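Quick notes on the structure that follows.
Laid out in structure tokens, this is it:
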């Protein structure tokens, strides 16, 4: 089963200018976008799950990227949201730099392999400097979608 990042994210789930400036607030902002889209059934459960995961170890992978993620009973499908912060958010990244590109992943509790594959695919895409630059400069959510489709 091929996991496509571009199929797990919707244009409406892309926030090009995050209002939140602190890690937990950014996570809450992206979770509420998913809730507003009707993608997450139980906001409270998902927030608890994702913050619990975040407390285990930072999801700031460096290079200006963070991928907060969790498996949860709050969704029955693999979902992604994307937020961008010009100022950057402290995600306790491995390289100590703030995160500007933040992808949030929600995965059903029982679909561990999908979750691992999505995480691996996204990490691979974001390791490429060209992809990070293009995502940083994308003017619209539609453009972000195009970039992700091309990358796969």
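Residue numbers (the UniProt record's numbering): 1 to 152. Note that CB positions come from ideal geometry on N, CA and C, so glycine has one too. Owing to the predicted nature of the structure, the values given are computational and were not obtained by experimental measurement.
Under three-state DSSP, which class holds residue i?
i: residue 79; result: strand
i: residue 72; result: strand
i: residue 97; result: coil
i: residue 123; result: helix
i: residue 44; result: helix
i: residue 27; result: helix
i: residue 104; result: strand
i: residue 32; result: helix
i: residue 66; result: strand
i: residue 12; result: strand
i: residue 134; result: helix
Could you tell me the alpha carbon to alpha carbon distance between residue i and residue j, rounded to whole angstroms?
i: residue 36; j: residue 28; result: 12 Å
i: residue 141; j: residue 16; result: 7 Å
i: residue 119; j: residue 132; result: 16 Å
i: residue 121; j: residue 152; result: 8 Å
i: residue 14; j: residue 136; result: 12 Å
i: residue 125; j: residue 95; result: 18 Å
i: residue 110; j: residue 69; result: 15 Å
i: residue 42; j: residue 139; result: 31 Å
i: residue 88; j: residue 75; result: 28 Å
i: residue 108; j: residue 10; result: 17 Å
Around the Cβ of residue i, are there at least 16 other Cβ atoms within 10 angstroms (buried) or fewer (exposed)?
i: residue 34; result: buried
i: residue 5; result: buried
i: residue 40; result: buried
i: residue 145; result: buried
i: residue 73; result: exposed
i: residue 71; result: buried
i: residue 116; result: exposed
i: residue 93; result: buried
i: residue 44; result: exposed
i: residue 128; result: exposed
i: residue 56; result: exposed
i: residue 22; result: exposed
i: residue 66; result: buried
i: residue 25; result: exposed
i: residue 150; result: exposed
i: residue 54; result: buried
State yes or no: is the beta carbon of residue i nearer than 8 Å to at least one beta carbon in chain D?
i: residue 41; result: In summary, chain D is missing from the structure at hand, where a single protein chain is found.
Within the chosen definition, does the stretch 59 to 73 reach the stretch 96 to 105 through at least 3 CB pairs nearer than 8 Å? Flag = yes, the stretch 59 to 73 and the stretch 96 to 105 touch.
task = Give a yes or no on contact between the stretch 70 to 83 and the stretch 103 to 116, applying the rule of three or more CB pairs nearer than 8 Å.
result = Output reads yes: the stretch 103 to 116 touches the stretch 70 to 83.
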